[in-house]
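Residue numbers (the numbering used here): 28 to 211.
Here the structure comes first, spelled out in structure tokens, and everything after it is commentary.
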């Protein structure tokens, strides 16, 4: 956000955040999933372009193409989870990213960022671990209603998240802008 520019309105949407294990991604990592081979290499597919993203493997195709045979490996409720949104952002990357040939770097990076952003607690009675952070997706708009943080929030790779740790009374931010900032 630019210094001295006041938001006339801020849209806030709570994002589900309940995953405490990377087993969440098991549907994508099984060799019979159609996403990876037996050695964890990503299954290649014919070149395509969706929403400005180059598609050359089944992982990106599953992330972006609702008509993909693998799209339903992750149901909508799972796709809404914060950890899945992080994973998707990392897999799709920015304008100049270099894609990986295996799924492991994407999962490792997702885990590292997720653990840094999200706080967990252990229930004293059941000993179960649960996420205690609250995740909010935000969009700030100027006086004409034009979004400026993030710019073009309709683009899948433009986002701003606030991750609130109620126990530590801390707020962390995670944001990405795929294209350059627009003038307003």
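Using N, Cα and C, we set each Cβ at its ideal position, and we do this for glycine too.
Check your understanding: Does DSSP put residue 104 in a helix, in a strand, or in coil?
Key -> Under the three-state reduction of DSSP output, residue 104 falls in the helix class.
Practice item. Count the C-beta pairs between the stretch 43-62 and the stretch 92-111 that are closer than 8 Å, then say yes if the count reaches three, no if not. Key: Enough Cβ pairs lie closer than 8 Å, so yes.
Check your understanding: Which one of 120, 145, 201 has the shortest CA to CA distance from residue 133?
Key -> For residue 133, the closest alpha carbon among the candidates 120, 145, 201 is that of 120.
Review point. For residue 193, which beta-bridge partners are listed by DSSP?
Key: Under DSSP, no beta-bridge partner is assigned to residue 193.
Review point. Rounded to the nearest angstrom, how far is the Cβ of residue 97 from that of residue 103, given a contact under 8 Å?
Key: The beta-carbon separation of residue 97 and residue 103, rounded to 14 Å, does not stay under the 8 Å limit for a contact.
Point to revise | Rounded separation between residue 78 and residue 153 - CA only | key: Separation of residue 78 and residue 153 (C-alpha to C-alpha, rounded to the nearest whole angstrom) is 45 Å.
Check your understanding: If you drop the 5 nearest sequence neighbours on each side, which residues of the same chain put their C-beta closer than 8 Å to that of residue 55?
Key -> Correct list, in chain order: 62, 63, 86, 89, 100, 101, 130.
Exercise for review: Give the DSSP-derived three-state secondary structure of residue 77 in the structure shown.
Suggested key: Collapsing the DSSP output to three states places residue 77 in a strand.
Review point. Pick from 105, 202, 93: whose alpha carbon is nearest that of residue 184?
Key: The residue among 105, 202, 93 with its C-alpha nearest the C-alpha of residue 184 is 202.
Exercise for review: Pick out whichever of 60, 192, 170, 161 has its Cα sitting closest to the Cα of residue 39.
Suggested key: Considering only alpha carbons, the answer is 161.
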